[in-house]
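Residue numbers (my numbering): 1121 to 1498.
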């Protein structure tokens, strides 16, 4: 795919790095750091010990040094007479009393589209699956999962070219010793939890199947290799038709390889930071994935292997509101209803039944599907 992306001309894409070599070189460098430092500065063991005591990380730690989330601890000084602070205090009080106003201010903020970085809890929580210590030497990768880009289905000669709007949806920290399939299982997407089927004739039936239960096939495409998920008997090889297509003459891409994601660890990869790789599931739901950071693992991070891949940031998600009451989150989407001004039309549960049914009987002709709102997932 280098003929397409031309990474050498894009300054945000780093050169390719073999992750196993990266880990081994850093481990070798750090293991000889003390001896190299003594030799370079011609220091004795006593001098080095004193230097480490006075300049080491332990000397920089302050008592009661804890992370404080400023947004929750934010308070204005009472004894300051500035008008700007007085107005800010009034606004803060209004936000506390009115949730809708608080949501509106947050929505209009320039920081709304920024990922929210969470605090990584190093202590084992009650919901923790257990504890297994991370075995060093190890590397830590930061992986960004983007939302699927909306495509314009119809071509309009007079329409202007629409630039893609790439949005980071989820961000994970993964260990080099983990399999690609472990990251795949952590990725949450509306396409997976969508409920298949039309329910206008039987809206009271509780669905017990999601699209992920029916269509389990998926792959990751990294460095010209398709990593297929074949853990289940009904999984299909999505990559075969693409590889056959790329092998045709004059395509200008390929050749591509394929292997299994459940048998491939991240440490086995060679990647480029900032390079757009691909995750595909549910047939045609395509997510761009980017490795944004690579570092040597230290005890500064969570040392419980079972908590990885770990969410390290989340994207704020806008709700789809009911188009009648404009208050509650939509739970139904209706198509081809002549009694409605819009097609499709979104309903909350209460408005859906009150508008479309009388004594549990359907009014008119329409199609109805369960709507799973994006705000329901991480």
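For every residue, glycine included, the Cβ atom is placed at its ideal position computed from N, Cα and C.
For residue i: DSSP bridge partner residues
| i | result |
| --- | --- |
| residue 1153 | Bridge partners of residue 1153: none, in fact. |
| residue 1347 | 1340 and 1379 |
| residue 1415 | 1260 |
| residue 1315 | Note: residue 1315 sits in no beta bridge, so no partner. |
| residue 1391 | 1137 |
| residue 1441 | 1449 |
| residue 1430 | 1293 |
| residue 1253 | 1424 |
From the options, residue whose alpha carbon lies closest to that of residue i
| i | options | result |
| --- | --- | --- |
| residue 1112 | 1489, 1170, 1444 and 1420 | Absent from the model: residue 1112. The displayed extent of the chain is 1121 to 1498, so no value can be given. |
| residue 1395 | 1351, 1369, 1380 and 1342 | 1342 |
| residue 1497 | 1438, 1389, 1385 and 1219 | 1438 |
| residue 1469 | 1454, 1218 and 1165 | 1454 |
| residue 1335 | 1222, 1405 and 1144 | 1405 |
| residue 1138 | 1390, 1165, 1303 and 1172 | 1390 |
| residue 1146 | 1418, 1354 and 1159 | 1418 |
| residue 1266 | 1290, 1251 and 1252 | 1290 |
| residue 1309 | 1363, 1397, 1217 and 1330 | 1330 |
| residue 1297 | 1252, 1398 and 1462 | 1252 |
| residue 1286 | 1305, 1302 and 1264 | 1264 |
| residue 1249 | 1348, 1164 and 1429 | 1429 |
| residue 1344 | 1495, 1284, 1373 and 1448 | 1373 |
| residue 1140 | 1388, 1384, 1205 and 1215 | 1388 |
| residue 1302 | 1316, 1340, 1356 and 1482 | 1340 |
| residue 1127 | 1416, 1397, 1284 and 1151 | 1397 |
| residue 1448 | 1495, 1360 and 1379 | 1495 |
Through-space distance from residue j to residue i, alpha-carbon basis
| i | j | result |
| --- | --- | --- |
| residue 1136 | residue 1262 | 16 Å |
| residue 1414 | residue 1131 | 17 Å |
| residue 1440 | residue 1346 | 35 Å |
| residue 1443 | residue 1450 | 8 Å |
| residue 1472 | residue 1208 | 41 Å |
| residue 1422 | residue 1254 | 9 Å |
| residue 1456 | residue 1314 | 20 Å |
| residue 1452 | residue 1464 | 10 Å |
| residue 1323 | residue 1210 | 46 Å |
| residue 1386 | residue 1299 | 6 Å |
| residue 1425 | residue 1257 | 13 Å |
| residue 1375 | residue 1125 | 16 Å |
| residue 1148 | residue 1171 | 22 Å |
| residue 1318 | residue 1493 | 17 Å |
| residue 1176 | residue 1403 | 53 Å |
| residue 1202 | residue 1214 | 19 Å |
| residue 1337 | residue 1349 | 6 Å |
| residue 1144 | residue 1150 | 10 Å |
| residue 1200 | residue 1212 | 16 Å |
| residue 1487 | residue 1476 | 11 Å |
Reduced DSSP category for residue i - H, G, I as helix; E, B as strand; rest coil
| i | result |
| --- | --- |
| residue 1136 | coil |
| residue 1262 | strand |
| residue 1352 | coil |
| residue 1379 | strand |
| residue 1420 | coil |
| residue 1449 | strand |
| residue 1369 | coil |
| residue 1198 | coil |
| residue 1208 | helix |
| residue 1299 | strand |
| residue 1406 | strand |
| residue 1460 | coil |
| residue 1126 | coil |
| residue 1491 | coil |
| residue 1475 | helix |
| residue 1225 | helix |
| residue 1481 | strand |
| residue 1289 | strand |
| residue 1180 | helix |
| residue 1335 | coil |
| residue 1399 | strand |
Status (buried if at least 16 other CB within 10 Å, exposed otherwise) for residue i
| i | result |
| --- | --- |
| residue 1307 | buried |
| residue 1410 | buried |
| residue 1260 | buried |
| residue 1294 | buried |
| residue 1352 | exposed |
| residue 1325 | exposed |
| residue 1432 | buried |
| residue 1328 | exposed |
| residue 1154 | exposed |
| residue 1491 | buried |
| residue 1191 | Per-residue confidence for residue 1191 stands at a pLDDT of 47, beneath the threshold of 50, marking its modelled position as unreliable; no derived number is given. |
| residue 1162 | exposed |
| residue 1400 | buried |
| residue 1427 | buried |
| residue 1381 | buried |
| residue 1474 | exposed |
| residue 1220 | exposed |
| residue 1316 | exposed |
Chain D contact for residue i (CB, 8 Å cutoff)
| i | result |
| --- | --- |
| residue 1178 | In the displayed structure, chain D is absent; only one protein chain is listed. |
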